[in-house]
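**Student:** Have a look at this one before I ask anything.
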Amino acid sequence: MENKHHTAPSIPSERTGSLFLLRHSWLLHVIAWAIFFSFPFVMISTRSHQTISWDTYLRFTIGLVAMMVVFYANYSFLVEHFLFKKKIWRFLLYNLLLITVVSILMHLSMELLPHSIEAAPTAPTDRIPPPPPRGRPEQDFWNMRLFFGNITRFVFTATLGTLFQVTRSWYRVEAARKELEQNRTQAELQNLKSQLNPHFLFNTLNNIYSQIAFSPEKAQESVHELSRLLRYVMYDSSQPLVALEDELAFVRNYVELMRIRLPEHVEVKTFIEVETPQARIAPLLFISLIENAFKHGVSNIHPSFIGIDIHQEGDEIICTIINSNYPKETDNDKSGSGIGLPNLRKRLALLYPHHHTFTYGKEGDNYRAYLSITLHRN
Numbered sequence: 009m010e011n012k013h014h015t016a017p018s019i020p021s022e023r024t025g026s027l028f029l030l031r032h033s034w035l036l037h038v039i040a041w042a043i044f045f046s047f048p049f050v051m052i053s054t055r056s057h058q059t060i061s062w063d064t065y066l067r068f069t070i071g072l073v074a075m076m077v078v079f080y081a082n083y084s085f086l087v088e089h090f091l092f093k094k095k096i097w098r099f100l101l102y103n104l105l106l107i108t109v110v111s112i113l114m115h116l117s118m119e120l121l122p123h124s125i126e127a128a129p130t131a132p133t134d135r136i137p138p139p140p141p142r143g144r145p146e147q148d149f150w151n152m153r154l155f156f157g158n159i160t161r162f163v164f165t166a167t168l169g170t171l172f173q174v175t176r177s178w179y180r181v182e183a184a185r186k187e188l189e190q191n192r193t194q195a196e197l198q199n200l201k202s203q204l205n206p207h208f209l210f211n212t213l214n215n216i217y218s219q220i221a222f223s224p225e226k227a228q229e230s231v232h233e234l235s236r237l238l239r240y241v242m243y244d245s246s247q248p249l250v251a252l253e254d255e256l257a258f259v260r261n262y263v264e265l266m267r268i269r270l271p272e273h274v275e276v277k278t279f280i281e282v283e284t285p286q287a288r289i290a291p292l293l294f295i296s297l298i299e300n301a302f303k304h305g306v307s308n309i310h311p312s313f314i315g316i317d318i319h320q321e322g323d324e325i326i327c328t329i330i331n332s333n334y335p336k337e338t339d340n341d342k343s344g345s346g347i348g349l350p351n352l353r354k355r356l357a358l359l360y361p362h363h364h365t366f367t368y369g370k371e372g373d374n375y376r377a378y379l380s381i382t383l384h385r386n
């Protein structure tokens, strides 16, 4: 058997901050516009001798409402119905018409309102600028500098609305893609687990069947042990994560079940000890390695050994299995042993991307499997 080392591609995790912004974008809009509407009061409060009049604030409000019209026309309608459908020229044309009409209407509205800055009670009268003269409306209306200044402001507002909608749509597509990817991953994990359970049962029943002919008592004891194992496989391991102590208890029970059928010339040593037994881990990750050791590490006639070491180093659980190497002929073997290690490799890639190390292969005359997993933190 060749030495193999496997690493897994990463599956990006959920960006909870992005999802929050996507689901509560209206809140950002309310906060942003509230800040804009309060801006004149903040500015005037820094000037001790001036106060803002309602007609002046009304002018500011008209300009802000005009910006909102341009912003939300793009954000809520034009981008989705034209830009996203690649009708670029229509999108630009409708924006040009929108900005022109809004600019004209805003100018007309401004001309109907007087300019007024009222003095505060303590303000010296000689420091209050007189209101601008109200001459002919058409002169102010066709003030090109002011008119094109407003158009520039509305172009910026339209661009801002477009960028907001494009960003929002991108986040929406990303969220849908991640949800689809997560669902696909869960379906694949369920499929892999459904392969593993019959594989485990088939191998164990094979072992019990081989005992019936020469040791009915051992076979009976094995059936009892098997019932305990199946309870874990069928029920407890259906959860995404299980307590580490439960997973290790399953490993111990399985090893004891395998010991029952072993001849005396096979030595099995186990060291299983962890510091945080309540830590959470994905179920049934070690069983394929241990099954493999009992299958390919035992000879019916030659001295054989299996060493199983599972311990903890910080956040890592390390499983090392070394056994004598008596590989079975897979062509004549109907136990389904070809499922275990490829299945484990795929599950590790899905469950612990970039958080595991998995190697296995010949080491001299022996066979060695090594698995290191970074634990999920609560």
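As numbered in my numbering, the sequence shown has no gaps in its residue numbers, which increase by one up to the final residue, 386.
Glycine included, every Cβ here is placed at the ideal spot set by N, Cα and C.
From what residue to what residue does the beta strand (DSSP E) around residue 108 run?
**Tutor:** Premise fails: residue 108 lies in the alpha helix (DSSP H), 96-119, not in any beta strand (DSSP E).
**Student:** Can you tell me which of the three DSSP states residue 245 falls into?
**Tutor:** helix
**Student:** Once DSSP output is grouped into helix, strand and coil, what is the label at residue 373?
**Tutor:** coil
**Student:** Along the chain, which unbroken stretches of the alpha helix (DSSP H) at least 4 residues long are found entirely within the region 306-365?
**Tutor:** Taken in chain order, the complete alpha helix (DSSP H) segments of 4 or more residues contained in the region 306-365 are 348-359.
**Student:** Going by the DSSP bridge assignment, what does residue 276 pair with across the sheet?
**Tutor:** 314
**Student:** Can you give me the C-alpha to C-alpha distance between residue 294 and residue 185, rounded to a whole angstrom?
**Tutor:** 32 Å
**Student:** Given 8 Å as the limit, is there contact between the region 270-280 and the region 365-385, that is, 3 or more CB pairs closer than that?
**Tutor:** no
**Student:** Is residue 253 near residue 291, with beta carbons less than 8 Å apart?
**Tutor:** no
**Student:** Distance, Cα to Cα, residue 471 vs residue 250?
**Tutor:** Nothing in the structure corresponds to residue 471, since the chain is present only between 9 and 386.
**Student:** Thinking just about the alpha-carbon of each residue, which of 234, 329, 308, 299 is nearest to the one in residue 270?
**Tutor:** Ranking 234, 329, 308, 299 by Cα distance to residue 270 puts 308 first.
**Student:** Keeping to the same chain, check which residues put their C-beta closer than 6 Å to that of residue 390; ignore five residues upstream and five downstream.
**Tutor:** Because the chain in this structure spans residues 9 to 386, residue 390 falls outside the shown range and cannot be described.
**Student:** Okay, do the region 99-112 and the region 70-88 touch, 3+ Cβ pairs below 8 Å being the bar?
**Tutor:** yes
**Student:** Name, in chain order, the residues that DSSP records as bridge partners for residue 289.
**Tutor:** 250
**Student:** Within the same chain, show all residues whose beta-carbon is closer than 8 Å to that of residue 159, passing over the 5 residues directly before and after it, in chain order.
**Tutor:** 107, 108, 111
**Student:** In the DSSP assignment, what are the bridge partners of residue 381?
**Tutor:** Residue 381 pairs with 325, 364.
**Student:** If residue 359 and residue 318 are in contact, beta carbons under 8 Å, what's the gap, nearest whole angstrom?
**Tutor:** Not a contact, Cβ separation roughly 18 Å.
**Student:** Does the distance from the CB of residue 315 to the CB of residue 329 come in under 8 Å?
**Tutor:** Cβ distance < 8 Å, so residue 315 and residue 329 count as in contact.
**Student:** Verify whether the separation of the beta carbon atoms of residue 162 and residue 73 is less than 8 Å.
**Tutor:** Cβ atoms of residue 162 and residue 73: not closer than 8 Å.
**Student:** Taking 8 Å as the cut-off, decide whether the C-beta atoms of residue 234 and residue 258 are in contact.
**Tutor:** no
**Student:** For the alpha helix (DSSP H) containing residue 4, list its first residue and its last residue.
**Tutor:** For the chain, the structure presents residues 9 to 386; residue 4 sits outside this window and is missing.
**Student:** List the whole-angstrom C-beta distance separating residue 82 from residue 173, where the pair is believed to meet the contact cut-off of C-beta under 8 Å.
**Tutor:** 7 Å
**Student:** Out of curiosity, what's the CA-to-CA distance linking residue 304 and residue 297?
**Tutor:** In this model, residue 304 and residue 297 are separated by some 11 Å (Cα to Cα).
**Student:** Could you give the DSSP three-state label for residue 281: helix, strand or coil?
**Tutor:** Strand at residue 281.
**Student:** List the whole-angstrom C-beta distance separating residue 169 from residue 80, where the pair is believed to meet the contact cut-off of C-beta under 8 Å.
**Tutor:** 7 Å
**Student:** Using DSSP with H/G/I as helix, E/B as strand and the rest coil, what is residue 172?
**Tutor:** Here residue 172 sits in helix by DSSP.
**Student:** Between which residues of its own chain and residue 229 is the CB-CB distance below 7 Å, once the five residues before and five after are set aside?
**Tutor:** Taking C-beta separations shorter than 7 Å and ignoring five residues to either side along the sequence, the partners of residue 229 in its chain run 268, following chain order.
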